[in-house]
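Read the structure below first, then the notes.
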Amino acid sequence: MHCEILWKILSLIVITSKEVRTFEVKIKVSIKIQIIPKNNPWSYIVKWGVSLVEIEIKKNNKEKYMQLDRVIERYKQQEGMLIRILQKAQEIFGHLPIEVQSYVSDRLDIPISTVNGVVSFYSLFSEEPQGKYTINVCMGTACYVKGSQEILKTIEEELHIREGETTLDKLFTIKVTRCIGACGLAPVITINEKVYGRLSPSDIPGILHTYIKTNKKAAIGEEVKA
Ligand code: FES
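For the sequence shown, position 130 matches number 129 in numbering that gives the first Met the number 0, and the numbering has no gaps at all.
Here's what the structure looks like:
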C-alpha cells in the first residue's frame with residue numbers, strides 16, 4: 000500500500016535584521032506500507048517507510064486576506080462594489096491571481112465567472128504580477144491619430160519588452176488603454192498616477208530615465224539605512 004500525504008504546517012518565522020517575515024510551509028510525504036503474512040493466517044509483519052516528496056515554502060498571505068476581508072465588509076453593500084473591491088484587492092496583492100478572484104467570489108457569493116469576466120474586461124486589472132511602474136499608453140482615437148503607436152514602439156524598444164510584459168527587474172509594465180479622457184493632450188501616456196501629454200518619441204528615454212534614477216536612489220537610501 001502506498002499513499003501520499005500533504006501536510007500544511009504552521010508558519011515558519013524568519014527574522015532578518017530588518018523585519019519579521021512569515022512563510023507558509025507545505026510538506027508532501029510519501030508513506031509506503033507493506034503487510035506481509037507470516038507462516039500462519041493470524042499474524043502479519045507490517046513494514047513501513049516515509050520519504051519526503053516535496054517541500055513548498057511561500058510567503059504567508061494571511062495578513063493580506065485579513066485586509067481584504069475588511070475591504071469586503073466595508074464595500075459589500077454599496078452599488079458597483081465588485082469593481083471597488085477588486086481595485087482594493089489589487090492594491091493589496093499587487094495583482095489579481097485566480098486564488099484572490101475565487102476568494103472574492105466566495106465572500107460575495109458571486110460566480111467566479113462573473114468576477115473573472117470583470118477582471119478580464121477592464122484593463123486596469125491584471126492577473127499577472129506588475130512592475131513597480133505601470134505605463135499605460137493611450138490608444139484612443141485622438142492619441143492614435145497623433146502617433147501613440149510610435150510612442151508605444153519607442154517605450155518597447157527602450158525597455159526591451161512588449162506590451163503586456165514586465166521588465167526583468169520588475170520596474171516597468173507596459174499596457175495599452177482606451178481613451179483616458181485627456182484627448183486635448185494627445186498623445187498621452189500615464190505612469191502610475193502621473194499623466195504625460197503632447198509627447199513625441201524623443202521624450203520617452205528622458206521620462207523613463209527619471210524613474211530609473213529615482214528607483215536607484217531609493218535603493219541606495221535603503222542600503223544606507225540598513
Ligand atoms: S484618446 Fe487618448 S486621451 Fe483620449
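By construction, the Cβ of each residue, glycine as well, lies at the ideal position given by its N, Cα and C atoms. Keep in mind it's a predicted model, so treat the numbers as computed, not measured.
On the DSSP letters alone, give me the boundaries of the beta strand (DSSP E) that residue i sits inside.
{"i": "THR189", "result": "188-190"}
{"i": "ILE179", "result": "No beta strand (DSSP E) holds ILE179; DSSP gives it neither H nor E."}
{"i": "TYR121", "result": "Unbroken run through TYR121: none, as it is neither H nor E."}
{"i": "ILE134", "result": "132-137"}
{"i": "LYS193", "result": "193-195"}
Taking the alpha-carbon of residue i as reference, which of the options has the nearest alpha-carbon?
{"i": "GLY139", "options": "THR133, GLN33, GLN148", "result": "GLN148"}
{"i": "ILE32", "options": "LYS46, ILE71, ASN38, TYR102", "result": "LYS46"}
{"i": "VAL49", "options": "GLN89, ILE26, TYR102, SER101", "result": "ILE26"}
{"i": "SER104", "options": "SER122, ILE84, ALA185", "result": "ILE84"}
{"i": "ASN191", "options": "THR133, ILE91, ASN214", "result": "THR133"}
{"i": "LYS215", "options": "ALA185, SER201, LYS131, LEU184", "result": "LYS131"}
Could you check how far apart the C-beta atoms of residue i and residue j are, in whole angstroms? I think they sit under 8 Å.
{"i": "LEU237", "j": "ILE109", "result": "Since the displayed the chain opens at 0 and closes at 225, residue 237 lies outside it and no answer follows."}
{"i": "PRO128", "j": "GLY93", "result": "6 Å"}
{"i": "LEU151", "j": "PHE171", "result": "With a Cβ gap of about 13 Å, LEU151 and PHE171 do not count as contacting."}
{"i": "ALA88", "j": "VAL117", "result": "About 11 Å separates the two Cβ atoms, so there is no contact after all."}
Flag residue i as yes when its Cβ comes closer than 7 Å to any non-hydrogen atom of the ligand FES, and as no otherwise.
{"i": "THR189", "result": "no"}
{"i": "GLY146", "result": "no"}
Just to confirm my understanding: we take residue i, look at its own chain, exclude 5 residues before and 5 after, and list those with CB closer than 8 Å. What are they?
{"i": "PRO96", "result": "GLU126"}
{"i": "LYS145", "result": "ALA185, PRO186"}
Give every residue of the same chain whose Cβ lies closer than 6 Å to the Cβ of residue i, excluding the five residues on either side of it in the sequence, and list them in chain order.
{"i": "ASN135", "result": "LYS174, THR176, THR189"}
{"i": "THR15", "result": "Bear in mind that a pLDDT of 45 at THR15, under 50, signals an unreliable position, so the model cannot answer this."}
{"i": "TYR43", "result": "ILE34, PRO36"}
{"i": "LEU207", "result": "GLU157"}
{"i": "LEU107", "result": "none"}
For residue i, which residues from the same chain have a beta carbon less than 7 Å from its beta carbon, with the 5 sequence-adjacent residues on both sides left out?
{"i": "SER101", "result": "ILE111"}
{"i": "PRO204", "result": "GLU157"}
Determine the extent of the alpha helix (DSSP H) in which residue i is found, giving its start and end residues.
{"i": "GLU149", "result": "147-158"}
{"i": "THR140", "result": "140-144"}
{"i": "ALA88", "result": "80-92"}
{"i": "GLN66", "result": "61-74"}
{"i": "GLN100", "result": "97-107"}
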